[in-house]
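First residue of the sequence shown? That's 198 in this note's numbering, and the numbers climb one at a time after it. Have a look at the structure below, then the notes.
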Amino acid sequence: MKKTPSDEYLEKARLLDNEASERLLSRTRSKLKRRLEDRTLTLLDVMAIQLEIEDEDLNAWREKVAEIKLADSKKKPKAK
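Below you can see the structure in the form of structure tokens.
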């Protein structure tokens, strides 16, 4: 896990409204929450890192789905 968020994600975190921030923080992983509680990271840093993690996870999921669809399309015989 990264210790410092990128500037791009810091800006995205800054632009979140209160409701979106609360939702994001509710999904935050326990390791990040501990760093926030220990004051090793700021709230903005934690939100930015969580956004980055979620984007990475989403991209990995999209790649897997694309692989599955490709493999599935190769298995199925074409209808006449």
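Where is the CB? At the ideal position from N, CA and C, for every residue including glycine.
Assuming residue i and residue j form a contact by the criterion Cβ under 8 Å, report the distance between their Cβ atoms to the nearest whole angstrom.
| i | j | result |
| --- | --- | --- |
| M244 | L221 | 6 Å |
Please classify residue i: is it buried, with 16 or more other beta-carbons within 10 angstroms of its beta-carbon, or exposed?
| i | result |
| --- | --- |
| R139 | With the chain represented from 198 up to 277, any question about residue 139 goes unanswered, as that position is not in the structure. |
| I265 | exposed |
| L207 | buried |
Looking at residue i: is its Cβ nearer than 8 Å to the Cβ of residue j?
| i | j | result |
| --- | --- | --- |
| L238 | R232 | yes |
| L248 | K209 | yes |
| P202 | D254 | no |
Taking C-alpha atoms, which residue in the options lies nearest to residue i?
| i | options | result |
| --- | --- | --- |
| D204 | K261, E251, E216, I246 | I246 |
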